[in-house]
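Residues in the sequence shown are numbered consecutively from 1, following the UniProt record's numbering. Backbone N, C-alpha and C fix where the C-beta goes; we use that ideal spot for every residue, glycine too. What follows is a single structure, written as structure tokens, with notes after it.
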Amino acid sequence: MDVPSWHPANQSSDAARRQAMSGEDSASKRVTYETVDTSTEAERELVSTEDESVVLGGGRGLLDPSDRMYLVDQTHLELQARNREKMERQADLPL
1 MDVPSWHPAN
11 QSSDAARRQA
21 MSGEDSASKR
31 VTYETVDTST
41 EAERELVSTE
51 DESVVLGGGR
61 GLLDPSDRMY
71 LVDQTHLELQ
81 ARNREKMERQ
91 ADLPL
């Protein structure tokens, strides 16, 4: 379905068209995607370090280091709680 040029759905395409026509160099803003083979540990570490530095919208990254540390801490606490419950259940069992 076509929408009129004044419709909000066309605003982003209008902005892109104006930028392309103005002759500004948008190559520095262009995002490139590469296929990376993660068959070795070194390549997996490279990908994980690149993921840590990704920032969306000029603000915080999707998972910045503080968020990652929080998730690691929460996972560690959950594991400790499960282990504690398991030990309590085993202690309650008759010998």
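By Cβ distance, which residues of its chain are closer than 8 Å to residue i, with the 5 residues on each side in sequence left out?
i, result
"Leu46", "Val36"
"Tyr33", "none"
Please check the pair residue i and residue j, which I expect to be a contact at CB under 8 Å, by giving their CB distance rounded to whole angstroms.
i, j, result
"Thr38", "Arg44", "5 Å"
Could you pull out every residue in the same chain whose Cβ sits closer than 7 Å to the Cβ of residue i, ignoring the five residues on either side in sequence?
i, result
"Glu41", "none"
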